[in-house]
Each structure stands twice: as C-alpha cells, then as structure tokens.
Amino acid sequence: ETGVTQSPTHLIKTRGQQVTLRCSSQSGHNTVSWYQQALGQGPQFIFQYYREEENGRGNFPPRFSGLQFPNYSSELNVNALELDDSALYLCASSYWGADTQYFGPGTRLTVL
Amino acid sequence: AQSVTQLGSHVSVSEGALVLLRCNYSSSVPPYLFWYVQYPNQGLQLLLKYTSAATLVKGINGFEAEFKKSETSFHLTKPSAHMSDAAEYFCAVSESQGGSEKLVFGKGTKLTVNP
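Here's what the structure looks like:
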C-alpha cells in the first residue's frame, strides 16, 4: 500500500507567477484535502476534494484553486503568487467521511 | 468554529524524563481529536486519535493522551523521552463543514530532548 506522495519537493517562484502542486492519494482513498503551513504555524485548511468537486473551503482567496482527477489524485493551483504564499503545502488523503487524514511529505514553496 | 490551543511553543526535557505536551480545545459537540508529529522537513505523521471511545488513547512510539471533557483537554504524554522524540507536535480537532471533515490545528509545540 503506497502512502500519499507530493511533487515537487521544493519550488521557487517569483511574485505574480502561477504554480501547480500535485498530490497522489493513498491507495483506495477517495478524498483529498490541502493545507498551507506557514513557517512556525500549524497547518491551515485550504479546501477538500471529493468526486472531483470542491467540498469545503477554508479562508483562502479564489486564486487558490484545485482539481481532483478520476484516479483521486489532485492538483493545487495558485495564481498571482504573493510573498505570503511562501509555505509548506500539505496534501492529505482519506476515505470520504472518515475521521482520519493521512498526510504527504509536503511541497515547500518559496516566493521571491 | 472549533479551535485548539497548545500551551508552550517550546518544551525541553532531558532524555528519560516525562514528556507532557498540553492541548486544549473548544468545541460545541463531542470532538474527534488528534495528535500529529512532524520531523524536520517532513509531513505530518499521525500519533494517535480520540474518537469517542476510550478516554485514554495509546498511540505509536509510546505516546498516549487522555481526553478530559470537563477540562476540554487532550494532553499528550510519554513516560520516558528518547532523543528520537525531538520534533514538532500538533494537536488538531476535526470540524465538519458541509459534509466534509477538515482538521483545525494548534500552532504546534517543538519538543527538544537533551542528552
């Protein structure tokens, strides 16, 4: 059974650019959640995807968007990058309605 | 909305000493509570969870936590610290939002273990 994987590991972008982060869920899991972890902070919920639709969103602007594919993998897209978007982005997978989420290793995004 | 407060952003213990990491939550309904551990430059690993069964929950690596409703607490303990326990620990509560379950995290406690 493979765990949650994310790519890339690290990424450096400049302000105003766009970025796409990818996540493959743990085998059999049909729900993917994305979190942003700023330096020295706990993770903050961005949104969750189930059946290829967004299902629940945190306090993040519309320039944060996502996709889920039929194989349950997911993408997080961020447009018009700002310096404050620099963070570790964590993907978590689970079964729909389950109480436990399993996290990937994260993608470290640096915006210059 | 649910919230989690972790008292002490940094905790330092000696190897072999008791580890106590504090977590208090606010929730209007019986919560699901979690402790996750994060090693440097890594993602989050589930240590243990409380889901309305036994109030004393045992997790991996010798950690355990006790759910105390009267104190709205879910403190994490380990009788004897090991050097490998040095990491950041996050307490989280599960919150339902439109059918989805999201996790609300505390700000974390960084545990240092001294030889």
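If you're matching them up, the sequences are chains A and B in order.
Each residue of the first sequence is one higher than the last, beginning at 951 in our numbering.
Each residue of the second sequence is one higher than the last, beginning at 633 in our numbering.
Just so it is clear, CB atoms sit at the ideal spot from N, CA and C, and this is done for glycine as well.
- Message: Taking 8 Å as the cut-off, does the stretch 1004-1021 of chain A touch the stretch 639-657 of chain B (at least 3 CB pairs, one atom from each stretch)?
- Response: No: the two stretches stay apart, fewer than three of their Cβ pairs being nearer than 8 Å.
- Query: According to DSSP, which residues form a beta bridge with A:Ser983?
  - Reply: According to DSSP, residue pairing for A:Ser983 in a beta bridge involves A:Gln998, A:Ala1042.
- Drop a sphere of 10 angstroms on the beta-carbon of A:Gly978, count the other beta-carbons inside from all chains shown, and report buried for 16 or more, exposed for fewer. Under the 10 Å beta carbon count, A:Gly978 is surrounded by fewer than 16 other beta carbons and is classified as exposed.
- Message: Measuring alpha carbon to alpha carbon, tell me which residue in B:His714, B:Pro672, B:Gly675, B:Phe706 is nearest B:Gly694.
- Response: Looking at the Cα atoms, B:His714 is the closest of the given residues.
- Message: Which runs of the alpha helix (DSSP H) at least 4 residues long sit entirely within the stretch 693-738 of chain B? Give them in chain order.
- Response: Segments of the alpha helix (DSSP H) lying fully in the stretch 693-738 of chain B: there are none.
- Message: Please report whether the beta-carbon of B:Leu650 lies at a distance below 8 Å from any beta-carbon of chain A.
- Response: Contacts with chain A at 8 Å (Cβ-Cβ) do not include B:Leu650.
- Message: Spatial neighbours of B:His707 within its chain, please: C-beta separation below 7 Å, excluding the five flanking residues on both sides.
- Response: Answer for B:His707: Leu652, Leu653, Arg654, Cys655, Ala697, Glu698, listed in chain order.
- Nearest residue (CA-CA) to A:Ser1043, options A:Asp1035, A:Ala1037, A:Leu1059, A:Phe995: Measuring from the Cα of A:Ser1043, the nearest candidate turns out to be A:Phe995.
- Query: Less than 8 Å separating the beta-carbons of A:Ala1037 and A:Ala988?
  - Reply: Going by beta carbons, A:Ala1037 and A:Ala988 fall inside the 8 Å limit.
- For B:Ser646, I'd like the list of residues in its chain whose CB is within less than 6 Å of its CB, leaving aside the five on either flank, ordered along the chain. Excluding its 5 nearest sequence neighbours in each direction, B:Ser646 has C-beta neighbours in its own chain below 6 Å: Asn746, listed in chain order.
- Message: Under DSSP, the beta strand (DSSP E) around A:Glu1004 begins and ends at which residues?
- Response: Where A:Glu1004 is concerned, the enclosing beta strand (DSSP E) starts and stops at 1003-1007.
- Expressed to the nearest angstrom, what Euclidean distance is found between the alpha-carbon atoms of B:Val636 and B:Ala724? Their backbone Cα atoms lie some 7 Å apart in a straight line.
- Message: Could you check whether the Cβ of A:Leu1040 sits closer than 8 Å to any Cβ belonging to chain B?
- Response: Using a CB distance cut-off of 8 Å, A:Leu1040 counts as an interface residue toward chain B.
- Compute the distance between the beta-carbons of B:Phe722 and B:Gln670, then report whether it is under 8 Å. Yes.
- Task: With 7 Å as the limit, tell me which residues of the stretch 686-698 of chain B have their beta carbon closer than that to any beta carbon of chain A; keep them in chain order.
- Result: The stretch 686-698 of chain B vs chain A, Cβ under 7 Å: nothing.
- Is there a Cβ from chain B that is less than 8 Å from the Cβ of A:Asn1053? The question names Asn, yet the displayed sequence has Phe at residue 1053 of chain A. Chain B contact via Cβ: present.
- Query: Among A:Ser975, A:Leu1026, A:Asn1005, A:Gly953, which one has its Cα closest to the Cα of A:Gln986?
  - Reply: A:Gln986 has its Cα closest to that of A:Leu1026, out of A:Ser975, A:Leu1026, A:Asn1005, A:Gly953.
- Query: Do A:Ser974 and A:Val954 come within 8 Å of each other at the CB atom, strictly closer than that value?
  - Reply: Against a cut-off of 8 Å, the Cβ pair of A:Ser974 and A:Val954 comes out as a contact.
- Measure the Cβ-Cβ separation of A:Leu1040 and A:Gly1056 and say whether it is below 8 Å. Yes. Within cutoff.
- Query: A:Leu1033 by DSSP, collapsed to three states: which one?
  - Reply: A:Leu1033: helix per DSSP, three-state reduction.
- So, using beta-carbon positions, are B:Lys739 and A:Gln1051 closer together than 8 Å? The answer is no: Cβ separation not under 8 Å.
- Query: For B:Gly640, which residues from the same chain have a beta carbon less than 8 Å from its beta carbon, with the 5 sequence-adjacent residues on both sides left out?
  - Reply: Leaving aside the five residues that flank B:Gly640 on each side, the residues in its chain whose CB is nearer than 8 Å to its CB run, in chain order, Leu653, Arg654, Thr741.
- Message: DSSP three-state label for A:Arg1013, please.
- Response: DSSP places A:Arg1013 in coil when its eight states are reduced to three.
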